[in-house]
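Residues 1 to 610 (my numbering) make up the sequence shown, in order.
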Amino acid sequence: MFLKTMWQEILFPFRKNLVTLICFEVFYRAAGILVVFPFARFLFTLSLRWQGRTHITNRMLADYLQSPVTLGLLAGLLVVAACYVVGELIFLGVILEHGRREERIGFVDLLRIGIRRIPGGLKRHHIRIVSLAALFFFAVEILHISPIAGTLALPPYVAEQIADIFILRLVVIFFLAGIIILFLGTAHHLPALVRPGGGNTAKRTAARYGGRRQLVMAFEFLALNISLNIVFYALFTLIVLLVAFFVHIFLGAAFILGIVLATIHGVYFLLSLLASMILLPLNYALVESWKERFFRFGDVVMPPAETRAKERRPLRPLMKAGLAFLAAAFLVGNFFTVRDILTEERSAVDYFNRPRIIAHRGASMDAPENTLVAIEEAIRQRTDYVEYDVRLTKDGEAVLMHDATLSRTTNAPSGTRVSDLTLAEIRSLDAGSWFDEAFAEEQVPTLEEAILHARGRTRQFIELKVADPRLEAEVLRLFAEHDLYDEARVLSFDIEQLRRIKQADEDIETVYLVGLFFGSITPIVEDEAIDHVAVEMNTLRENPHWVERLKRNDKEVHVWTVNDRDLMREAVRLEVDGIITDLPLVAREIAYEKNTPTFFAEVLRLLFGQ
Ligand code: G3P
Ligand code: CA
């Protein structure tokens, strides 16, 4: 009975103005994404710059959070976010006051009224309205513990600390419960505060607040949000299962887990956007219905006819120009931030922050290494890069081959070196049967063939295995001729070779390979000929601080060759930029699972794991 009344009360006022509500929510969310979010990021960048940092890692988080600069900017950001919520509540209030009287309101009228009310509401009630809106927002967020519907999430490092320390857990639980109790005790003021002339009514309402009502309110608030959680989770599971079903049909079982875990990000993002468009209106309609049912003050629900007519008048040209100027200033101001977000390798959006997956010697567990079929398989497995090794033949042609000798990966007689045979002779070899008879037709490809095969389909890590000027000249030619600058990088264990290449063409990105290492990393950090570094996994585990040092100097840190799940997880935790692996599908799965709830990842693994 309770629940039926509750749902009727929530849904009834939206019936007449559903299209206006949808238009508004899409518009407001887009404004939030295009303006508020980049602005928040701008403040974040500013806080880093003022503290002389370029980024933050787990280890710096505590220092960063304690800085007065961070605290000041965080407070500013909270106020901006709360004002954003106030704006939304004012607009929703307009829709609801019309809906309750079964009157229609168009989108343009809604904008006019809302835009007129926002400055007034903030001016009249400033701290009260901002803090009550913030309470409302946090109370709703607290109940959306599933990451699908929640907009806010604690950084994993902070969450881990809270989970580990009992006292901290208690403090957090009391704090969250306090927010909900405070919200339930004050939420009914909101409908009065978001409307012109409602301030006095809000004060009168306080006297009528009673214990039993609060229990009903608490029950309804929990019931609404728990059922929304269930609906969103069910929808999410359904979409994920559908994706798994289609991947199974079109690509095969081996791809399911990796692709499903990757898809979860996109689905999360879209569903959380959808959820935020649904959660706040429904919760606010509930708050307004409390006002109607438990604290009857009709005068607050709809302002007098005269005020309403005034509010609907077109905005004055000066106001329009002011708003247009403000919007343009925000957009121009945010342009560079948005560009950075879209172009940088490590995104500001944590969902997209994951190491790149680099298929080692092609997808070398599924096809003979360093062949076109291994590169093709890597592309099929959707790796971010494919890595392969290059050597020179007797007649100076660049071909793909890891070892100096040919016998491990071709049918050449034992001990035959790549440099002993001409290209024509090497081409006559069988480079696939050693791996599986099904690949008997595979030949040793030239560097140019490999480049053209992968070009535009995946990016390339080209490792030079010999320090021969002819090989370097060929690389320089291929980069210039095929314009590979944005999609390929040159790797070498030989720092002098990288310096020569950089000197010849500074646009080629170089990656210095580090295996065993003794001494100081500083010369590498400071070497301008080295754009990025790829470190052997054990060496990086011995020196985890390198990640921060290299990144601070704008150098990416990749790690090789990681084929073990636990080590892959460790690489993800170390926040490397790339994992070079023979098992790209597994690495992809691990890289994406960091944004998937452990329980959900386990269920997926149980269902689809190999
Ligand atoms: O990319 C780095 C890695 O490939 C180096 O090892 O011996 O497999 O070429 P290796
Ligand atoms: Ca290699």
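Quick reminder that beta carbons are idealized off the backbone N, C-alpha and C, glycines included.
Item: In chain order, which continuous runs of the alpha helix (DSSP H) of length 4 or greater are located wholly inside the segment 554–604?; Value: 565–573, 584–593
Item: Which stretch, first to last residue, makes up the beta strand (DSSP E) that contains ASN487?; Value: Before going on, a small fix: residue 487 reads as Glu here, not Asn. Counting along the chain, GLU487 falls outside any beta strand (DSSP E), and DSSP gives it neither H nor E.
Item: Could you spell out where the beta strand (DSSP E) holding ILE357 opens and where it closes?; Value: 356–359
Item: Please check the pair ALA431 and THR410, which I expect to be a contact at CB under 8 Å, by giving their CB distance rounded to whole angstroms.; Value: 5 Å
Item: So, do the segment 239–246 and the segment 566–582 have three or more beta carbon pairs nearer to each other than 8 Å?; Value: no
Item: Any heavy atom of ligand 2 closer than 7 Å to the Cβ of GLU463?; Value: yes
Item: Under 8 Å, do GLU88 and LEU280 count as touching if we go by C-beta distance?; Value: yes
Item: Is it the case that the CB of LEU635 approaches a heavy atom of ligand 1 more closely than 7 Å?; Value: Since the first residue of the chain shown is 1 and the last is 610, residue 635 is not available in this structure.
Item: Out of curiosity, what's the CA-to-CA distance linking ASN553 and GLU575?; Value: 15 Å
Item: DSSP state of ILE651, grouped into three classes?; Value: Summary: the structure shown does not reach residue 651, with the chain confined to residues 1 through 610, and so no result is reported for it.
Item: For the beta strand (DSSP E) that contains ILE462, what are its first and last residues?; Value: 459–464
Item: Roughly how many whole angstroms lie between the Cα atoms of ASP299 and ALA40?; Value: With a pLDDT of only 48 at ASP299, under 50, the local geometry of the prediction cannot be trusted, and the value read off the model is given with reservation. Answer to the nearest angstrom: the Cα atoms are 38 Å apart.
Item: Per DSSP, TYR388 is paired with what?; Value: ILE462
Item: Per DSSP, which residues does LEU82 bridge with? Please list them.; Value: Note on identity: in this sequence residue 82 is Ala, with Leu being the wrong assignment. According to DSSP, which records beta bridges pairwise, ALA82 is partnered with nothing at all.
Item: Quick one: give me the first and last residue of the beta strand (DSSP E) that VAL532 is part of.; Value: In the sequence as displayed, the identity of residue 532 is His instead of Val. First-last of the beta strand (DSSP E) with HIS532: 532–536.
Item: Taking C-beta to C-beta, are VAL490 and ILE462 nearer than 8 Å?; Value: yes
Item: Is GLU509 helix, strand or coil when you go by DSSP?; Value: strand
Item: Could you tell me whether any non-hydrogen atom of ligand 1 is closer than 7 Å to the CB of ALA534?; Value: yes
Item: Taking contact to mean at least 3 C-beta pairs separated by less than 8 Å, is the segment 417–431 in contact with the segment 312–326?; Value: no
Item: Residues in its own chain within less than 8 Å of SER67 by CB, not counting five upstream and five downstream?; Value: SER47, GLN51
Item: May I ask which residues mark the beginning and end of the beta strand (DSSP E) holding ASP399?; Value: Strictly speaking, residue 399 in this sequence is Val, with Asp absent from that position. Counting along the chain, the beta strand (DSSP E) containing VAL399 begins and ends at 398–400.
Item: Can you say whether LEU331 is buried or exposed, counting buried as having 16 or more other CB atoms within 10 angstroms of its CB?; Value: exposed
Item: Taking Cβ positions, are GLU9 and SER289 nearer each other than 8 Å?; Value: yes
Item: Looking at C-beta atoms only, is the number of pairs between the segment 371–379 and the segment 268–282 that lie closer than 8 Å three or more?; Value: no
Item: Is the closest heavy atom of ligand 2 to the C-beta of ARG361 under 7 Å?; Value: yes
Item: Can you tell me the Cα-Cα spacing of THR522 and GLY258, whole angstroms?; Value: 37 Å
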